[in-house]
Amino acid sequence: MKWTAVHEAAAAVAELAGLAPEYRTPEIRNFPAIMRDTGGWRCRLAAQGVDDLAAILEPGLAALLTLQGSGACAAAAAQALWQEFHTARAGLLSLIPPLGIERQA
1 MKWTAVHEAA
11 AAVAELAGLA
21 PEYRTPEIRN
31 FPAIMRDTGG
41 WRCRLAAQGV
51 DDLAAILEPG
61 LAALLTLQGS
71 GACAAAAAQA
81 LWQEFHTARA
91 GLLSLIPPLG
101 IERQA
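Heads up, the sequence shown stops at 105 in the UniProt record's numbering, and the numbers go up one at a time, no gaps.
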């Protein structure tokens, strides 16, 4: 659920940045299930990473909306936040194990 909420917030950031809606690959859509099935340290690290993404996006999006509400252009700041999200998410996706890695305790 948090993964979905993070992506909804990121979609709002992308819109403020003037970016086209992002296509979510199966790897992105299925990330929580993949991590749950993988288990072990990868799953724990992924959960912490998703929490960290939420902690970055929540106040960032609030600041962007405040900026936009004041009449200022939020596009550059939104672009910077989008790039931070995108980089952090790529790091999380790198936790997906190669094929053949078995579930860990």
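No residue lacks a Cβ here, since even glycine has one placed at the ideal position from N, Cα and C.
| query | result |
| --- | --- |
| Count the other C-beta atoms from every protein chain shown that fall within 10 angstroms of the C-beta of residue 99, then say buried if there are 16 or more, exposed otherwise. | exposed |
| Between which two residues does the alpha helix (DSSP H) carrying residue 78 extend? | 75-93 |
| In this structure, does DSSP put residue 38 in helix, strand or coil? | helix |
| Among 54, 69 and 70, whose alpha-carbon lies nearest the alpha-carbon of residue 11? | 54 |
| Report yes if the CB atom of residue 61 is closer than 7 Å to the CB atom of residue 6, and no otherwise. | no |
| For the candidate residues 19, 46, 16 and 36, whose alpha-carbon lies nearest to that of residue 94? | 46 |
| What three-state label does DSSP hand residue 111 in the structure shown? | Because the chain spans 1 through 105 in this model, residue 111 falls outside it and cannot be assessed. |
| When you compare each of 16, 25 and 76 to residue 90 by their alpha carbons, which one comes out closest? | 25 |
| For residue 97, does the three-state DSSP call read helix, strand or coil? | coil |
| Which of helix, strand or coil does DSSP assign to residue 16? | helix |
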